[in-house]
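Trainee: In the numbering used here, the protein residues as written are 2 to 288. Positions of the beta carbon are idealized from the N, C-alpha and C atoms, including for glycine. Remember, predicted model here, so these are calculated numbers, not experimental data. Right, I'll just put the structure down here and ask away after.
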Amino acid sequence: MKDASQVEDRSSEKLMNFLKQEMKGEEMVELARTVFSSPANQKKKEAANKLDNYPTAATLIPDIIDRFRSYPIGISADIEKAFFQLGISPEHRDFLRFFYPTENEQIVYRHIRVVFGVSSNPFLLAAALSLFLGHVPAEDFEKADKLKLSLYVDNCVAGVIDVPQQEEFIFITREILSRGCFNLRNWECNAECKYKSKSTGATKLLGILWDLDRDVLKCNVCTEDLKTDSYITKRFILAAVQIILDPQGILCSATLPLKILLQNTWKLKLSWDSPLPDDIVKPSLQW
2 MKDASQVEDR SSEKLMNFLK QEMKGEEMVE LARTVFSSPA NQKKKEAANK LDNYPTAATL
62 IPDIIDRFRS YPIGISADIE KAFFQLGISP EHRDFLRFFY PTENEQIVYR HIRVVFGVSS
122 NPFLLAAALS LFLGHVPAED FEKADKLKLS LYVDNCVAGV IDVPQQEEFI FITREILSRG
182 CFNLRNWECN AECKYKSKST GATKLLGILW DLDRDVLKCN VCTEDLKTDS YITKRFILAA
242 VQIILDPQGI LCSATLPLKI LLQNTWKLKL SWDSPLPDDI VKPSLQW
């Protein structure tokens, strides 16, 4: 395993934590995929996701998009396997142990890289990138500051005035991050560029859709996934609220009534799958 090391010392005297896991995949072991559940509670212990974490980074999205739209040319990219570039300090690795079952025994491993899905991960990545970009050579300060303001977790969303600036920004930011073993890739632009991976069609930009041909942003609303063959429940209304990602509040006037209905279902103290009364079902169907 590249991202974990086997534990030789099985002593129970030291502080440690085991992550709950489940296997997802086909019958063949070669195709199995291990998923770690950090929110899972353990007997007499707190879940790993009850760690102190950074305030939600989603509040940064409106400012990032506003800066992005203030330029005629938009650029987006992402950092390849960003979390796996962060190592765990040896003294903290025992809190990220897990069992690896075999035919004869259960082998214990511990993660040496950041585990995807733990609540503190976005903060760890943001802190690492901020520290790294704060120590670049003086000639790269301007581009590093612009890059820092353009990062959301492992995504880069920025804008420039013209094509020469576009090519310069891509070349320099790629070179800067490569010094920290971060690969900035999948460049998408609304203008032709020799570094781009895509400059036509539609693409996702921080959860919303970006039409590269018309240079238009729009919310991705997939109401087809909201079909139900039975009665309307609190679970169904919650799914309807969450399926619309609208970080800038463009659709607020349309989504607010449904959120109010969801609030009313909580006041009724009904279970997740209980039928809702008509005074809530009728407005939800009209929505």
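#1: Taking Q167 as the reference, which of N184, G181 and K147 has the closest Cα?
#2: Check the DSSP bridge columns for Y101 and list the partner residues they point to.
#3: Take L125 and list the residues in its own chain whose beta-carbon comes closer than 7 Å to its own, dropping the five residues that flank it on each side.
#4: Out of P63, K270 and D163, which has the shortest C-alpha to C-alpha gap to I76?
#5: Locate the alpha helix (DSSP H) running through N122, then write down its first and last residues.
#6: Between E143, I113 and V154, which has its C-alpha nearest L206's C-alpha?
#7: Using CA atoms only, rank isn't needed, just tell me which of Y232, L252 and C253 is closest to W273.
#8: Can at least three beta-carbon pairs, one atom from the region 188-200 and one from the region 101-115, be found at a separation below 8 Å?
#9: DSSP beta-bridge partners for V158?
#10: Provide the residue(s) that pair with Y153 in DSSP beta bridges, ordered along the chain.
#11: Using the Cβ count rule (16 or more neighbours within 10 Å means buried), how would you classify G202?
#12: Rounded to the nearest angstrom, what separates G208 and N122 at their Cα positions?
#13: Can you list, in chain order, the residues of its chain whose CB lies under 7 Å from that of N187, leaving out five sequence neighbours each side?
#14: What did DSSP end up calling E189 once you bin it into helix, strand or coil?
#15: For A1 and I65, I'd like the C-alpha separation in whole angstroms.
#16: Helix, strand or coil: which one does DSSP assign to Q86?
#17: Grab me the residues of C184's own chain with a C-beta within less than 6 Å of its C-beta, minus the 5 sequence neighbours each way, in chain order.
#18: Got a sec? Which residues, its chain only, sit under 7 Å from I238 by beta carbon, not counting five neighbours each side?
#19: Any idea if M29 is buried or exposed, counting beta-carbon neighbours within 10 angstroms, 16 or more meaning buried?
#20: Give every residue of the same chain whose Cβ lies closer than 8 Å to the Cβ of A127, excluding the five residues on either side of it in the sequence, and list them in chain order.
#21: Keeping to the same chain, check which residues put their C-beta closer than 8 Å to that of S12; ignore five residues upstream and five downstream.
#22: Relative to the C-alpha of R111, which residue among L257, C157, D10 and S179 is closest?
#23: How is the alpha helix (DSSP H) around G235 delimited, first residue to last?
#24: Beta-carbon within less than 7 Å of I62's beta-carbon, same chain only, minus the 5 sequence neighbours each way: which residues are those?
#25: Using beta-carbon positions only, say whether I177 and V137 come within less than 9 Å of one another.
#26: Go to K260, then tell me how far its alpha helix (DSSP H) extends in each direction, as first and last residue.
#27: Would you identify the three-state DSSP class for S6, choosing helix, strand or coil?
#28: Assign P73 to buried or exposed, taking buried as 16 or more other Cβ atoms, counted over all protein chains shown, within 10 Å of its Cβ.
Mentor: If we stick to the structure as given:
#1: Among N184, G181 and K147, the Cα nearest to that of Q167 belongs to K147.
#2: I108
#3: L87 and V115
#4: D163
#5: N122 to L134
#6: Minimum Cα distance to L206 is reached at V154.
#7: The residue from Y232, L252 and C253 with its alpha-carbon nearest to that of W273 is Y232.
#8: no
#9: For V158, which the question treats as bridged, DSSP gives the partners S77.
#10: N156
#11: Exposed.
#12: 19 Å
#13: A78, D79 and S198
#14: strand
#15: For residue 1 there is no data in the structure shown, the boundaries of the chain being 2 and 288.
#16: helix
#17: Rather than Cys, the amino acid found at residue 184 in this sequence is Asn. Cβ within range, chain order: E81.
#18: L259, L262, L263, T266 and S285
#19: For M29, the predicted model reports a pLDDT of 48, less than 50, meaning its position is unreliable; a value from the coordinates is still stated below. Counting Cβ neighbours within 10 Å, M29 comes out exposed, since fewer than 16 surround it.
#20: If we look at A127 and ignore the five residues flanking it on each side, its Cβ neighbours are Y55, A58, L152 and V154.
#21: Nothing listed; no residue qualifies.
#22: D10
#23: Correcting the residue type first, residue 235 is Lys in the shown sequence and not Gly. Counting along the chain, the alpha helix (DSSP H) containing K235 begins and ends at K235 to Q243.
#24: Y153, L207 and P248
#25: yes
#26: C253 to L269
#27: strand
#28: By the neighbour-count definition (other C-beta atoms within 10 Å, threshold 16), P73 is an exposed residue.
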